[in-house]
Amino acid sequence: PNMPTNSCNADGSEHFAGFNCGLDNNGNGVHDGNDESCRVSAVPDAVGPARLFQNQPNPFNPRTTIAFEVTEEATVSLKVFDVAGRVVRVLVDGQGYSLGRYEVVWNGRDDQGQQVSSGTYFYGIQTGENRETKMMVLLK
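Numbering-wise, the sequence shown is residues 1142 to 1281 according to the working numbering.
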């Protein structure tokens, strides 16, 4: 089976949560491998109980929809991070999901209800040991 690859933001230009990012030969962002928390499944048939899709629209203002698919029963966490790797908003906090496709709308606000500034954000799903992360842009 295809194995997940470690990757970061799409253009590889950011230093994300202590990782050095770059581009592989296919133009995918990859980090230096010093930590697993930036793991992204880069293949459509990635192994794991959940699959994360690109948010729509992207760029967005003032809200965006994040979709994910659960391929087997799993406990799911879905969080939004800033470019420094800090949690901005917890969208799903360790909830159990059965097989299916789900959508969560993020309104561009942090956990305290404050509107976040324009910029690049990451959103990540975690199911057990499996993690997947994608990038999105908020434009005002």
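Note that the Cβ used here is the ideal one computed from N, Cα and C, for glycine as well.
Taking the CA atoms as reference points, residue 1244 sits about 13 Å from residue 1218.
Closest option to residue 1259, judged by alpha-carbon separation, among 1192, 1267 and 1204: 1204. Annotated three-state conformation of residue 1210 is strand, per DSSP. In the structure shown, residue 1252 falls within a coil segment according to DSSP collapsed to helix, strand and coil.
Contact check for residue 1281 against residue 1265 fails: the beta carbons are separated by 9 Å or more. For residue 1244, the enclosing beta strand (DSSP E) starts and ends at 1241 to 1247. When secondary structure is reduced to three states using DSSP, residue 1199 falls in the coil class, being assigned neither helix nor strand. In terms of CA proximity to residue 1234, 1221 leads the group 1226, 1212, 1221 and 1242.
Annotation: the continuous beta strand (DSSP E) that includes residue 1234 extends over 1228 to 1238. In the DSSP assignment, residue 1204 falls outside any beta strand (DSSP E) and carries neither an H nor an E. When 1241, 1210, 1229 and 1216 are compared, the shortest CA-CA separation from residue 1255 is found for 1229. Taking C-beta atoms as the reference points, residue 1238 and residue 1208 fail to come closer than 9 Å.
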